[in-house]
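What follows is a single structure, written as C-alpha cells, with notes after it.
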Amino acid sequence: MRSKTFLTSFMVVLFGLPFVLLGLLALGQYWRFPDVLPPTFSFDALGRLLTADSGLATGGLLSLGIATGVSVLATGLGFWVARAIAQSRRPNRWVTLSYLPYAMPPVLSAVLIQPYIIRMHLSGTLAGVGLGLLLVTVPFSTLFFRSFWSQQARQYEQLSRTLGCSPTQALTRVLLPLARPLLVTCLFQTFLLAWFDFGLTNYLSVGKVRTLTVQVFLFIGEANSRLAAVASLLLLLPPALLLWLNKRTIVRRVF
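Using UniProt numbering, read the sequence shown as starting at 1 and increasing by one per residue.
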C-alpha cells in the first residue's frame, strides 16, 4: 500500500511539475535569477488569449481542427489498409514498407514531398499540411491495426456473412464493435502525433499555417517566455484531457 501511494504521489509530481512551471512563467513578472519565485504576478499574458494580435486562440482552433481531421482520416484509412495487407499474398512485405516513413526525420520527409505539394498547389495550405501529416499517421495506424486483422477477426467476418449479414452489417455489427477499443486508442495516438508535430507542419506551411507548436517556437525565438508558456499550456491541455478520459484504461494496464 505504501509503495502504491508513493508511486502515485511521484507520478502526480512528475506530471504536474511542468504545468506548475509553465503557470509560473505565464503569470510571473520580472522573474530573474536567482529568485526562486516571481516577485509579482499578472494575468495580462493570459488575457492575450482573447486578443487577435497574439493569434493564440486562432492557432489553438487551427491545431485542433487539423489534428482532429487527420486522426479521423488516418484511423479509418489505417483500419482498411491493415485489412488489405492481412488479405494480401505477402503481408510481411507491405508491413515492412509501412515502417519506411519512420526511417527518416519528419522534416526530411517534408523536404522530399514538398515538390509534389507545390505542383498540386497545396503549399502553405491546410490541405497540404494535412496531406503531409497523413503520410506519417496512416502508416502508424496501419501498423497499429495489424494485430486486429488476425485469422480470428477474418473468421468472425466470414461467419457473419455466412449467417446472412451484408458487408455493411458485418462491418457495423461485428467488426467495428470488436475493434472499438483499438479505434479509440488509435484516434488518441494519431491525434497526438498531428497535434505535437512541428517540423513537417512548419516546413510545408511555409509560415502560413501557424499552429500552436509553430507559435511556441516563434515566441521562444522572440524571447517572449510568457506567451511561450501560455501557448505551451494550451498545447498540453488536450493531451492532459485525453489522459484524464482514458485514465481508467491506463491505470488498469499498469496495476
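We put the beta carbon where it would ideally sit given N, CA and C, even for glycine.
Item: With a Cβ-Cβ cutoff of 9 angstroms, do residue 194 and residue 85 count as a contact?; Value: no
Item: Within a Cβ cutoff of 7 angstroms, which residues of the same chain sit near residue 98, ignoring the five residues on either side of it in sequence?; Value: 139, 142 and 143
Item: Enumerate in chain order the residues of its own chain whose CB-to-CB distance from residue 119 is below 6 angstroms, with the five nearest sequence positions on each side excluded.; Value: none
Item: Which runs of the beta strand (DSSP E), 3 residues or longer, sit entirely within the region 61-108?; Value: none
Item: Near residue 236, what residues of its chain come up, given a Cβ to Cβ distance below 8 angstroms and the 5 sequence neighbours on each side ignored?; Value: 18, 19 and 22
Item: Would you tell me roughly how many angstroms separate the C-alpha atoms of residue 170 and residue 222, rounded to the nearest one?; Value: 55 angstroms
Item: Please report the straight-line C-alpha distance between residue 113 and residue 165, rounded to a whole angstrom.; Value: 42 angstroms
Item: Where does residue 40 sit, in a helix, a strand or coil, going by DSSP?; Value: strand
Item: For residue 59 and residue 205, I'd like the C-alpha separation in whole angstroms.; Value: 13 angstroms
Item: For residue 101, I'd like the list of residues in its chain whose CB is within less than 7 angstroms of its CB, leaving aside the five on either flank, ordered along the chain.; Value: 109, 135, 136 and 139
Item: Output the distance between the C-alpha atoms of residue 61 and residue 172, rounded to the nearest integer angstrom.; Value: 31 angstroms
Item: Counting only runs of 3+ residues fully inside the region 217-241, write out the beta strand (DSSP E) ranges in chain order.; Value: none
Item: Check each candidate in 71, 238, 5 and 231 and name the one with the smallest Cα separation from residue 183.; Value: 71
Item: Excluding the 5 residues preceding and the 5 following residue 125 in the sequence, name in chain order all residues of the same chain whose CB lies nearer than 6 angstroms to its CB.; Value: none
Item: Please name the residue in 68, 218, 147 and 200 whose C-alpha comes closest to that of residue 91.; Value: 147
Item: Rounded C-beta distance between residue 43 and residue 29? I'm assuming under 8 angstroms.; Value: With a Cβ gap of about 10 angstroms, residue 43 and residue 29 do not count as contacting.
Item: State the Cα-Cα distance for the pair residue 121 and residue 209, rounded to the nearest angstrom.; Value: 15 angstroms
Item: May I have a chain-ordered list of the alpha helix (DSSP H) segments no shorter than 4 residues that lie completely inside the region 137-165?; Value: 151-162
Item: Out of curiosity, what's the CA-to-CA distance linking residue 145 and residue 37?; Value: 48 angstroms
Item: Is the Cβ-Cβ distance between residue 69 and residue 130 less than 9 angstroms?; Value: yes
Item: Rounded to the nearest angstrom, how far is the Cβ of residue 25 from that of residue 226, given a contact under 8 angstroms?; Value: 6 angstroms
Item: Given residue 79, which residues of its chain have a CB within under 6 angstroms of its CB, disregarding the five upstream and five downstream residues?; Value: 145
Item: Measuring CA to CA, which of 228, 192, 107 and 202 is closest to residue 74?; Value: 192
Item: Can you find the residues in the same chain that come closer than 6 angstroms, C-beta to C-beta, to residue 255, ignoring five residues on each side of it along the sequence?; Value: Summary for residue 255: the model assigns pLDDT 46, below 50, so the residue's position carries little reliability, and this model does not support an answer.
Item: Rounded to whole angstroms, how far is the Cβ of residue 56 from the Cβ of residue 234, which I believe are closer than 8 angstroms?; Value: 6 angstroms
Item: Taking Cβ positions, are residue 295 and residue 217 nearer each other than 9 angstroms?; Value: Residue 295 is absent from the model: the chain starts at 1 and stops at 255.
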